[in-house]
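To keep things clear, I will list the structure first and then write my remarks on it.
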Amino acid sequence: MIIDEWDAILREMGSDDYISTSYVDLLRRLFKGLWSDTVFAGAYLTGILPIKRYNTESALNNFCEYTMIRPGKMSEALGFTHDEVEMLCKKHGMDLMEMERWYDGYRIGKASRMFNPYSVIKAIYNEEYGSYWTTTGAYDSVITYIQMNFDGLKDDIIRMLSGESVYVNTTEFLNDMHNVRSKNDVLTVLIHLGYLSYNKDTYECYIPNKEVADEMNNAIRATSWTPLANTIQNSKFLLDATIAGNENAVAQAIDIAHDENTSILA
Numbered sequence: 012m013i014i015d016e017w018d019a020i021l022r023e024m025g026s027d028d029y030i031s032t033s034y035v036d037l038l039r040r041l042f043k044g045l046w047s048d049t050v051f052a053g054a055y056l057t058g059i060l061p062i063k064r065y066n067t068e069s070a071l072n073n074f075c076e077y078t079m080i081r082p083g084k085m086s087e088a089l090g091f092t093h094d095e096v097e098m099l100c101k102k103h104g105m106d107l108m109e110m111e112r113w114y115d116g117y118r119i120g121k122a123s124r125m126f127n128p129y130s131v132i133k134a135i136y137n138e139e140y141g142s143y144w145t146t147t148g149a150y151d152s153v154i155t156y157i158q159m160n161f162d163g164l165k166d167d168i169i170r171m172l173s174g175e176s177v178y179v180n181t182t183e184f185l186n187d188m189h190n191v192r193s194k195n196d197v198l199t200v201l202i203h204l205g206y207l208s209y210n211k212d213t214y215e216c217y218i219p220n221k222e223v224a225d226e227m228n229n230a231i232r233a234t235s236w237t238p239l240a241n242t243i244q245n246s247k248f249l250l251d252a253t254i255a256g257n258e259n260a261v262a263q264a265i266d267i268a269h270d271e272n273t274s275i276l277a
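Here the sequence shown is numbered in the working numbering, starting from 12 and rising by one per residue.
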């Protein structure tokens, strides 16, 4: 049996305890029943979230599970490798450095340079680099999680937008997008959704590339964090003006930053 987007019901209707519990019970009866091994030669489930956990136990612990955080031997199958993208660029006359800037940067298990395959294909097809991020219902969830602003979340997002990595404990999350209880849960969800990449050696997450950074900025602009979004935009303007040697624009940007971030009592 093959089930695509097995977690769609939990993502869309997970706030309804009866529906989510009934669905998980159905999966249990299908794949952990007395006759499951006789009826099914195998089952292949795909989705965004790992299998839902209750406390520390998976609802379907007889599956081999491969995720963005624990991909196991499937790490290079969860995206395009650098070698594959280099070959595609040569074949279709695309700029490898632009591909790297827009879509590279994912670290998935042992694979340290993975690309977003969907966006790479779209860029080649359209012969144009840019964001091909697929905005789904999960995007609304991202905005909701950012709005929660758990202790330290805003500071961590600012750091990641500036190119830093931040520590995250991914073991607390119960794989339930409607049961997000902490900053660590928010960051873990964002890893599974592809907004962040995860380094399993350092237990840190980061924004992998320009495509995701732009989408994260869009998500922030859709929240009450408008001052933060404006500050990020102004900082980019200041950087571009500095690189271009535009003295007047640099002076103007510094004046704006001073006015917006300095107390009148200082």
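Beta carbons are placed, not taken as given, at the ideal position from N, Cα and C, and that holds for glycine. All of these numbers come straight from a predicted model, not from anything done at the bench.
| Asked | Found |
| --- | --- |
| Continuous beta strand (DSSP E) stretch holding S123: start and end | A122 to F126 |
| Bridge partners - N210, DSSP secondary structure assignment | E215 |
| Residue span of the beta strand (DSSP E) that contains I119, given as start and end | Y117 to I119 |
| Range covered by the alpha helix (DSSP H) that runs through W113 | L107 to Y114 |
| Classification of Y178 by the beta-carbon crowding that lies within 10 angstroms, buried from 16 upward | exposed |
| Touching by the beta-carbon criterion (3+ pairs, under 8 Å), the segment 19–34 and the segment 51–62 | yes |
| Nearest neighbour of G174, chosen from P219, E16, E183 and F161 [CA to CA] | P219 |
| Those residues which DSSP pairs with Y55 across a bridge | I13 |
| DSSP-derived helix/strand/coil call for V96 | helix |
| V50 (DSSP reduced to helix, strand or coil) | helix |
| Three or more C-beta pairs below 8 Å linking the segment 108–115 and the segment 189–201 | no |
| Residues bridged to V223 (per DSSP) | According to DSSP, V223 bridges with nothing at all. |
| Opening and closing residue of the alpha helix (DSSP H) in which N190 lies | Counting along the chain, N190 falls outside any alpha helix (DSSP H), and DSSP gives it neither H nor E. |
| 7 Å Cβ shell around L207 - same chain, five flanking residues per side excluded | L198, L201, C216, Y217 and I218 |
| Beta-carbon contacts of S55 that lie in its chain and below 6 Å, excluding the five residues immediately before and after | Just to set this straight, residue 55 is Tyr in the shown sequence, not Ser. Cβ neighbours of Y55 beyond the five flanking positions: I13. |
| Straight-line Cα distance separating H93 from F51 | 37 Å |
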